[in-house]
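Position in the sequence shown (from 1) plus 54 gives the number in my numbering. Read the structure below first, then the notes.
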Amino acid sequence: MASEWILTLTAQTPTNIAVIKYWGKRDESLILPVNDSISVTLDPGHLCTTTTVAVSPAFEQDRMWLNGKEISLSGDRFQSCLREIRARATDVENKEKGIKISKKDWEKLHLHISSFNNFPTAAGLASSAAGLACLVFSLGKLMNVQEDHSQLSAIARQGSGSACRSLYGGFVKWIMGKEENGSDSLAVQLADEKHWDELVIIIAVVSSRQKETSSTSGMRESVETSLLLQHRAKEVVPKRILKMEEAIQNRDFASFAALACADSNQFHAVCLDTSPPIFYMNDTSHRIINCVEKWNRSEEAPQVAYTFDAGPNAVLIARNRKAASLLIQRLLYYFPPNPETDMNSYVLGDKSILKDAG
Ligand code: ADP
Ligand code: DP6
Ligand code: CO
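Written out as structure tokens, the structure is:
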């Protein structure tokens, strides 16, 4: 190996939004969930993480920057991902630069990682999902890891549970698994991105502020104190998962919307059932729910599904482009873009439409 060189690789990963939520772990360190979950991965380029990983003999330690600020890599989650990926590294040769890295070299070489999210971090839009999936994916590429996406998903899971679902596009299920070592707790693709491409996802950013209770600590408190969570995980979600899979296969929007809305509302009910209660949604979130519910009930069939992650921001899934444009008109009418309201500016994309309050 020549002594002064640097090898870099850049990858981009979209975020995913759960329509049947993951909320609660049965094993904190391996990140094993109490129930299966299902999500939809957004189209690439909209809400996504871009991560550049670099390796060089000149680097003295592993370092990471998130949105331009250095963060510590010492936490167990980052360490698990780095350890698992390094263990699977294989020989890499870059003839152009005259670089040869053997499987053994990877144990000694240090990494510099720089990651940017093009959407609010830690605000309930699943930045940990895009972020950790991108980290594992980019490191896997740099180190020539041969594992398939499902196996990589089990590594990303150890960085952040929801991250395992961002390794695939389209509709994705995170199977909770049975094994104590977590080997069967991984993501599978239910349907690819073309399967149901008339759906339009609109994201209303009610607040891009960082949430007070992270998903990790929120769900820990729910597992410890909420009886509703136990009931949900054992009795409700297993049946819902089957129905949701069927709705997705059949492109049955009415069932899809009913299940997604009910599941979001139950997840937030679990948060309220936690002691002390956790409030992720705010008044604007509630007004958006009201607006969609009233509209859906005034039509022959539902036009829009809503779902809220651990934050106040609404993810609205319209049945088609026509419903999406009507939805935007309604949002503009009820939440006019002026400084007096919570939401005041719009960035329109093709399939994901970001409405940002800044
Ligand atoms: P969110 O709802 O945005 O997923 P979480 O509370 O689950 O919020 O996770 C936020 C945390 O995820 C951040 O504080 C940071 O530690 C981590 N994270 C977010 N984006 C990235 C990224 N691009 N790379 C690495 N870690 C990230
Ligand atoms: C509400 O994956 O962020 O978005 O595994 O502790 O990192 P950790 O939590 P995280 O939790 C996501 C919760 C959710 C629902 C979901 O994405 O399924
Ligand atoms: Co998260």
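We put the beta carbon where it would ideally sit given N, CA and C, even for glycine.
Let me make sure I understand the geometry here. Which of the options has the alpha-carbon closest to that of residue i?
| i | options | result |
| --- | --- | --- |
| N367 | S261, I302, C345 | S261 |
| D238 | C218, D246, G223 | C218 |
| R384 | D363, K348, A355, G365 | K348 |
| F170 | L163, V291, D159, L189 | L189 |
| A177 | L386, M335, D202 | M335 |
| V226 | S216, N235, E234, Q243 | Q243 |
| A187 | L313, S214, T106 | S214 |
| K162 | F113, Y222, E201 | F113 |
| S339 | A355, L282, S110, N319 | N319 |
| G236 | F389, E299, E58, L86 | L86 |
In its own chain, which residues sit with a C-beta less than 7 Å from the C-beta of residue i, not counting the 5 before and 5 after it?
| i | result |
| --- | --- |
| P68 | T95, L96, D97, P98, H100, L101, C102, A184, S220 |
| T279 | T328, S329 |
| N148 | L61 |
| H203 | L221, Y222 |
Among residues of its own chain, excluding the 5 on either side of residue i, which ones have a beta-carbon nearer than 6 Å to its beta-carbon?
| i | result |
| --- | --- |
| V88 | G78, R80, A287 |
| Q66 | C102, T104 |
| P174 | S262 |
| G223 | T95, E247 |
| F307 | R373 |
Quick one: residues in its chain with C-beta nearer than 8 Å to the C-beta of residue i, no 5 flanking neighbours on either side, listed in chain order?
| i | result |
| --- | --- |
| N198 | A143, T144, D145, V146 |
| P292 | N89, D90 |
| Q133 | L127 |
DSSP state of residue i, grouped into three classes?
| i | result |
| --- | --- |
| R263 | coil |
| S204 | helix |
| S352 | helix |
| H100 | coil |
Would you mind stating whether residue i and residue j have Cβ atoms separated by less than 8 Å?
| i | j | result |
| --- | --- | --- |
| I332 | T270 | no |
| L136 | D159 | no |
| L422 | A301 | In this structure the chain extends from 55 to 412, so residue 422 is not present and cannot be described. |
| S181 | W119 | no |
| V324 | S379 | no |
| A372 | V254 | yes |
| I92 | A72 | yes |
| Q264 | R131 | no |
| W228 | A241 | yes |
| I382 | I256 | yes |
Stretch-stretch touch, CB-based, cutoff 8 Å, three pairs: the region 133-143 with the region 153-167: With the rule of 3 Cβ pairs closer than 8 Å, the region 133-143 counts as touching the region 153-167.
Cβ contact check for the region 327-346 and the region 355-363: 3 or more pairs under 8 Å: The region 327-346 is in contact with the region 355-363.
At least 3 beta-carbon pairs within less than 8 Å: the region 191-209 vs the region 113-126: Not touching, per the Cβ criterion.
Residues passing the C-beta test against the ligand SAH heavy atoms, cut-off 6 Å: Here the bound small molecules are the ligand ADP, the ligand DP6 and the ligand CO; the ligand SAH is not part of this structure.
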